[in-house]
Amino acid sequence: MVDVKIQNLTKQFGQLVAVDDFSLTIEEGEFITLVGPSGCGKTTTLRCVAGLETATSGNIMFGDHDVTDYPVQQRGIALLFQDIALYPHMTVRDNMAYPLKLEGASKEQRYERVEEAAEMLHIRDQLDKYPSELSGGQQQRVALGRSIVREPTMFLFDEPMSDLDAKLKHELRPLFAEVTEKVGCPTMYVTHDQEEAMTMSDRIAVMNDGELEQVGTPSEVYNEPESSFVGEFIGRPNMEFFDARIDRRNGALDLDVGEQTYELERDDALEQYTGGNIRVGIRPQNIEVVDDPDNGIPADHVFDETLGDQTHSLFETPMGRITVVTPPEFRGGESQYGLRFETDALKAFDPESGLRVY
Numbered sequence: 040m041v042d043v044k045i046q047n048l049t050k051q052f053g054q055l056v057a058v059d060d061f062s063l064t065i066e067e068g069e070f071i072t073l074v075g076p077s078g079c080g081k082t083t084t085l086r087c088v089a090g091l092e093t094a095t096s097g098n099i100m101f102g103d104h105d106v107t108d109y110p111v112q113q114r115g116i117a118l119l120f121q122d123i124a125l126y127p128h129m130t131v132r133d134n135m136a137y138p139l140k141l142e143g144a145s146k147e148q149r150y151e152r153v154e155e156a157a158e159m160l161h162i163r164d165q166l167d168k169y170p171s172e173l174s175g176g177q178q179q180r181v182a183l184g185r186s187i188v189r190e191p192t193m194f195l196f197d198e199p200m201s202d203l204d205a206k207l208k209h210e211l212r213p214l215f216a217e218v219t220e221k222v223g224c225p226t227m228y229v230t231h232d233q234e235e236a237m238t239m240s241d242r243i244a245v246m247n248d249g250e251l252e253q254v255g256t257p258s259e260v261y262n263e264p265e266s267s268f269v270g271e272f273i274g275r276p277n278m279e280f281f282d283a284r285i286d287r288r289n290g291a292l293d294l295d296v297g298e299q300t301y302e303l304e305r306d307d308a309l310e311q312y313t314g315g316n317i318r319v320g321i322r323p324q325n326i327e328v329v330d331d332p333d334n335g336i337p338a339d340h341v342f343d344e345t346l347g348d349q350t351h352s353l354f355e356t357p358m359g360r361i362t363v364v365t366p367p368e369f370r371g372g373e374s375q376y377g378l379r380f381e382t383d384a385l386k387a388f389d390p391e392s393g394l395r396v397y
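To convert a position in the sequence shown, counted from 1, into our numbering, add 39.
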């Protein structure tokens with residue numbers, strides 16, 4: 040097993056820069072997920088690592104080997120896409136064994152490896168069936184098993200569960216994480232599904248416009264976003280953003296958000312914004328609803344979206360519409376409330392660059 044290093048990777052299609060100076064190291068046994076909006080470059084990055092696209096510049100290292108110019112068949116990787124492409128005329132056993140057959144392994148060797156992978160994936164009782172006899176989740180396990188038997192250098196997954204329903208995704212997410220951990224090679228997983236990224240990953244790499252915005256654990260990218268883009272993209276409901284002003288009063292830094300003032304701990308990074316504007320973000324989970332509209336930002340209740348374990352409540356305020364995560368039993372009716380922000384949960388971003396400064 041080896042580490043995978045992507046060094047200053049750039050990929051252009053004509054004048055379009057799809058991936059721009061992308062660098063990332065995936066440690067041996069690590070599961071990293073690339074997330075970002077459509078067209079951000081995450082699939083192009085994966086295809087360059089796989090050898091399906093030729094990098095315009097930069098290097099891709101598997102351990103000490105520079106594989107940048109290697110064709111896909113020489114990289115020893117296992118690929119799994121949205122289209123699982125099982126052979127309908129072959130049994131599960133032969134579908135899983137087929138890559139080994141192409142490599143010249145004996146029938147005994149092939150089937151022994153298939154048995155081991157099937158045990159790991161809990162599909163030993165399905166080995167003599169045909170793909171048409173399997174559920175969608177079972178077919179996905181077979182496709183994953185076909186990748187495992189090759190003992191790959193690296194796993195590359197491009198939205199493999201996007202066609203599955205929520206229940207099957209819930210069943211398969213822990214299996215993907217468990218199996219890749221047992222195999223022990225680096226894993227790059229591409230998805231637009233935040234729930235997949237948050238629940239399966241050791242680290243998440245957030246991309247935007249071909250660039251890497253932030254790399255960190257699921258907790259880090261959620262709780263400590265390094266840019267307003269990451270704060271807005273990661274998390275449901277989205278982080279709420281407001282224009283604010285910083286002033287120094289009585290030796291303290293005050294943050295004015297609408298009619299509310301919050302005293303901040305002194306921070307050198309904020310000094311340059313004193314007397315000027317700044318962008319403030321807060322998670323809807325960190326906004327408190329109080330009965331007295333004078334004890335917070337005055338807010339007219341608009342709508343409650345009940346989700347069972349919590350409610351997403353929408354309010355109209357002088358600062359625009361704000362979503363708040365409220366208790367499951369909350370029902371606002373036509374009442375007016377006050378909204379209060381948890382000071383410790385406030386994040387401040389540069390209004391021009393979007394980079395976090397507090």
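Where is the CB? At the ideal position from N, CA and C, for every residue including glycine.
Just so we're clear, the structure is a prediction, and the values are computed from it rather than from any experiment.
Coarse secondary structure for residue i, derived from DSSP in three states
| i | result |
| --- | --- |
| LEU292 | strand |
| ARG180 | helix |
| ASN334 | helix |
| GLN311 | coil |
| ASP348 | coil |
| SER267 | helix |
| PHE52 | strand |
| ASP167 | coil |
Contact check, residue i vs residue j, beta carbons under 7 Å
| i | j | result |
| --- | --- | --- |
| VAL111 | ARG152 | no |
| GLY184 | LEU160 | yes |
| TYR109 | GLY90 | yes |
| THR49 | ASP42 | no |
| PRO225 | GLU69 | yes |
| VAL396 | THR365 | no |
| SER352 | GLY371 | yes |
| THR350 | PHE380 | no |
| ALA124 | THR107 | no |
| ILE326 | LEU385 | no |
Counted within 10 angstroms of its Cβ, other Cβ atoms place residue i as buried (16 or more) or exposed
| i | result |
| --- | --- |
| SER267 | buried |
| GLY315 | exposed |
| ARG275 | exposed |
| ASN247 | buried |
| GLY270 | buried |
| GLY75 | buried |
| HIS104 | exposed |
| ASP348 | exposed |
| PRO264 | buried |
Sequence-distant residues of its chain with Cβ nearer than 7 Å to residue i (five each side left out)
| i | result |
| --- | --- |
| SER201 | GLN121 |
| ARG149 | ALA136, LEU139, LYS140 |
| ASP286 | ASP293, ASP295, THR313, GLY314 |
| ARG305 | LEU292 |
| ASP331 | GLY377 |
Spatial neighbours of residue i in its chain, beta-carbon cut-off 8 Å, leaving aside the 5 residues before and after
| i | result |
| --- | --- |
| TYR126 | ASP133, ASN134, TYR137, PRO170 |
| ALA283 | LEU294, ASP295, VAL296, ASN316, ILE317, ARG318, VAL319, ALA387 |
| TYR261 | MET237, ILE273, GLY274 |
| GLU235 | THR72, MET200, LYS208, ARG212, TYR228 |
Sequence-distant residues of its chain with Cβ nearer than 6 Å to residue i (five each side left out)
| i | result |
| --- | --- |
| VAL131 | GLN165, LEU166, LYS168, VAL181 |
| TYR301 | LEU294, THR382 |
| GLN46 | SER62, GLY97, ASN98 |
| LEU195 | LEU85, ALA89, ILE116, LEU118, MET227 |
| GLU252 | VAL245, SER266, PHE268, VAL269 |
Item to check | Inside the region 81 to 162 only - beta strand (DSSP E) runs reaching at least 3 residues | outcome: Complete beta strand (DSSP E) runs here, min 3: 96 to 101, 116 to 119.
Next on the checklist: Extract the residue ranges of the beta strand (DSSP E) inside the region 192 to 262, only unbroken runs of 3 or more that lie entirely within it.
Outcome noted: Positions of the beta strand (DSSP E) runs, each at least 3 residues long and wholly inside the region 192 to 262, are given as 193 to 197, 226 to 229, 242 to 247, 250 to 255 in order along the chain.
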